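Asks:
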Amino acid sequence: MSSPYLESLSKVLSNTISLSLNTASNTNTGNVKVIARFRPENEQELSDPFASQVVTFSSNKTVNFKSNDTTCSFTFDRVFSQASTQLEIFDYSINQTVNDLFKGYNGTILAYGQTGSGKTYTMMGKDIEDIDSKGLIPRITERIFEYIVDSSSDIEFTVGVSYMEIYMEQIRDLLVSPRSQAKLSIHEDKENGIYVKGLKKIYVSSVDDIYDVMRQGSEIRVVSSTSMNQESSRSHAIFQIELTQRIISSGTIKKGNLFLVDLAGSEKVGKTGASGIVLEEAKKINSSLSSLGNVINALTDGKSTHIPYRDSKLTRILQESLGGNSRTSLIINCSPSKLNDMETLSTLRFGARAKKIQNKAHINTELSSSELKKKVVILSKNNEFHQKYINQLEQELILWRSGNPPQSSNWL
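Residue numbers for the sequence shown follow my numbering, beginning at 1361 and rising by one.
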């Protein structure tokens, strides 16, 4: 039998559930997206008569590996052969990341692979202004400003960028002269989450502004020549874009951070011929990449209760990108040649493990004071009704216990 109380309670619960669902819809759980990209064979590989190709492609999602006694297949979100273009990588794999950024999600794109596998080419390209060869970061920045131009006039945008490298396990600001470098450290608080304190942020209003920042940082980034790569990156580079949107009419703010990470390449010292400072750099690179692998293993083995994010500066900075509040894509860059077969196999296995990571990304929204007041009013009314209903139930219980129960028509 229905009653006015039950009908009112139903309406109140409906409002409360609606508020809860609205909050839950802002959170998205999903796996890290993994894209495999194979570069064309280089001169060294082409000149070796015994260096056959060790990969074939069953589809645009599956790569087959065969070398010596090892035969296996790997399935990723997307696989690109040696014939892939920079535009294809962006359109099929990364464009959605920009759309998510404008929804208020954090995003991360990491390029991983052995030294000389094409990571920096994928991320930056040969020339950031060349229409064909420019990499993901220039294309992302162009898409961001295209989106801003096409957006409603009721939205006010602010775009800030920073650029850092982790070199020999030290954080260096690539937008500050090497002579003026201060010691940078990683901090964490409720307002900012995990961040690098003291890192310079430049506010930009055009694609050209960001290009200037890229050029400035790339000139400072540490590179060295090895037998595997004439311009081998000796550091992990992180280009960060912070996008803030304010709805002018309501005052609501949405904020998204995009981390664009060009990891230094893993190295086998015997192959690179490294010595002296280059050898020391290689040791630090391999150590931090090992820490990255340990974090991924801990996140995916289903047994670990401790995730070793603090074992390296790289994994600490990328903590939210790996299992946290971010929509993350990993691009594994590989050689198709037998000359690098074991490195390619290792990279493919790394990608397969990373694909199991689950992130919990949510929209980063700050409600205006007027919207917060509206929610407070709704919740207060709900609370008031619940309290009234509880009081009525208590009175009915007293009557039942006294042996004088209310008539069934008056039951709550």
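Idealized CB from N, CA, C, for every residue including glycine.
Quantities reported herein were computed from a predicted structural model and do not represent experimental measurements.
#1: Once you ignore the five residues that flank tyrosine 1465 on each side, which residues in its own chain have a CB closer than 8 Å to its CB?
#2: For leucine 1699, which three-state DSSP category applies?
#3: Using only the alpha-carbon positions, how far apart do valine 1394 and asparagine 1743 sit?
#4: If you measure between the beta carbons of asparagine 1391 and glutamine 1718, is that distance less than 8 Å?
#5: Do arginine 1499 and the ligand NAD come close, with the Cβ less than 7 Å from some heavy atom?
#6: Starting from the C-beta of glutamate 1448, find all residues in its chain whose C-beta is less than 8 Å away, skip the five residues before and the five after it, and write them out in chain order.
#7: Helix, strand or coil for asparagine 1382? Go by DSSP, reduced to three states.
#8: Would you list the residues sitting across from serine 1626 in a DSSP beta bridge?
#9: Does the beta-carbon of lysine 1479 have 16 or more other beta-carbons within 10 angstroms, so that it is buried, or is it exposed?
#10: Any idea what DSSP makes of threonine 1612, helix, strand or coil?
#11: Return the bridge partner residues of glutamine 1530 from the DSSP annotation.
#12: Tell me, which residues are paired with glutamine 1404 by DSSP?
#13: Tell me where the alpha helix (DSSP H) around glycine 1577 begins and ends.
#14: Leaving out five residues on either side along the sequence, give the residues of the same chain with a beta carbon under 7 Å from the beta carbon of serine 1560.
#15: In the structure shown, what three-state DSSP assignment does tyrosine 1555 receive?
#16: What are the partner residues of lysine 1550, as DSSP defines its beta bridges?
#17: Among Pro1766, Phe1505, Lys1644 and Ala1597, which one has its Cα closest to the Cα of aspartate 1671?
#18: Distance check for glutamate 1726 and isoleucine 1608, CA to CA, integer angstroms please.
#19: By how many angstroms is the C-alpha of alanine 1712 removed from the C-alpha of glycine 1683?
#20: Taking the straight line between their C-alpha atoms, what separation do you get for methionine 1528 and serine 1511?
#21: Using three-state DSSP, classify arginine 1779 as helix, strand or coil.
#22: Is it right to say isoleucine 1469 is buried, meaning 16 or more other beta carbons lie within 10 angstroms of its own, or is it exposed?
#23: Quick check on the DSSP output: the beta strand (DSSP E) that includes arginine 1438 runs from which residue to which?
Replies: Based on what the coordinates show:
#1: The sequence position of residue 1465 within the sequence shown is 105, counting from 1. Contacts found: Asn1388, Gly1616, Ser1686, Arg1687, Ala1721, His1722, Ile1723 and Asn1724.
#2: Within the sequence shown, numbered from 1, the residue matching residue 1699 stands at position 339. Helix, per DSSP.
#3: As a working note, residue 1394 is residue 34 in the sequence shown. As a working note, residue 1743 is residue 383 in the sequence shown. Rounded to whole angstroms, valine 1394 to asparagine 1743 spans 46 Å at the Cα level.
#4: On the sequence shown, residue 1391 is found 31 positions in, with the first residue counted as 1. On the sequence shown, residue 1718 is found 358 positions in, with the first residue counted as 1. Going by C-beta atoms, asparagine 1391 is nearer than 8 Å to glutamine 1718.
#5: Absence of the ligand NAD is noted for the structure shown, with no ligands found whatsoever.
#6: By one-based count along the sequence shown, residue 1448 stands at place 88. Here the set comprises Phe1440.
#7: Locating residue 1382 in the sequence shown gives position 22, counting from the first residue. With a pLDDT of only 49 at asparagine 1382, under the threshold of 50, the placement of this residue in the model should not be trusted, and no figure is reported.
#8: Counting from 1 along the sequence shown, the entry for residue 1626 is found at position 266. DSSP lists Gln1474 as partners of serine 1626.
#9: As a first step, residue 1479 must be located in the sequence shown, where it is residue number 119. The residue is buried, with at least 16 neighbouring Cβ atoms inside 10 Å.
#10: Within the sequence shown, residue 1612 is the residue found at index 252, counting from 1. In the structure shown, threonine 1612 sits in coil (DSSP, three-state: anything other than H, G, I, E or B).
#11: The residue you call residue 1530 lines up with position 170 of the sequence shown. For glutamine 1530, which the question treats as bridged, DSSP gives the partners Tyr1527.
#12: Residue numbering aside, residue 1404 sits at position 44 when the sequence shown is read from its first letter. None; glutamine 1404 has no bridge partner.
#13: Position 217 of the sequence shown, counted from the first residue, corresponds to residue 1577. 1567 to 1580 is the extent of the alpha helix (DSSP H) around glycine 1577.
#14: Taking the first residue of the sequence shown as 1, we reach residue 1560 at position 200. In the sequence under discussion, the amino acid at residue 1560 is lysine, which differs from the serine named in the question. The answer, listed in chain order, is Ser1522, Asp1533, Leu1535 and Val1536.
#15: As a working note, residue 1555 is residue 195 in the sequence shown. Strand at tyrosine 1555.
#16: Taking the first residue of the sequence shown as position 1, residue 1550 is located at position 190. For lysine 1550, which the question treats as bridged, DSSP gives no partner whatsoever.
#17: Position 311 of the sequence shown, counting from 1, holds the residue named residue 1671. Ranking the options by Cα distance to aspartate 1671, first place goes to Lys1644.
#18: Position 248 of the sequence shown, counted from the start, is the residue given in the question as residue 1608. Position 366 of the sequence shown, counted from the start, is the residue given in the question as residue 1726. Spanning the two alpha carbons is a distance of roughly 13 Å.
#19: Translated into positions along the sequence shown, residue 1683 becomes position 323. Translated into positions along the sequence shown, residue 1712 becomes position 352. About 15 Å.
#20: Here the question's residue 1528 lines up with position 168 in the sequence shown. Here the question's residue 1511 lines up with position 151 in the sequence shown. Each residue's alpha carbon lies about 42 Å from the other.
#21: The structure shown does not extend to residue 1779, since the chain spans only 1361 to 1772, so no value can be given for it.
#22: Numbered from its first residue, the sequence shown carries residue 1469 at position 109. With 16 or more other Cβ atoms within 10 Å, it is buried.
#23: For this step, residue 1438 is matched to residue 78 along the sequence shown. 1438 to 1440 is the extent of the beta strand (DSSP E) around arginine 1438.
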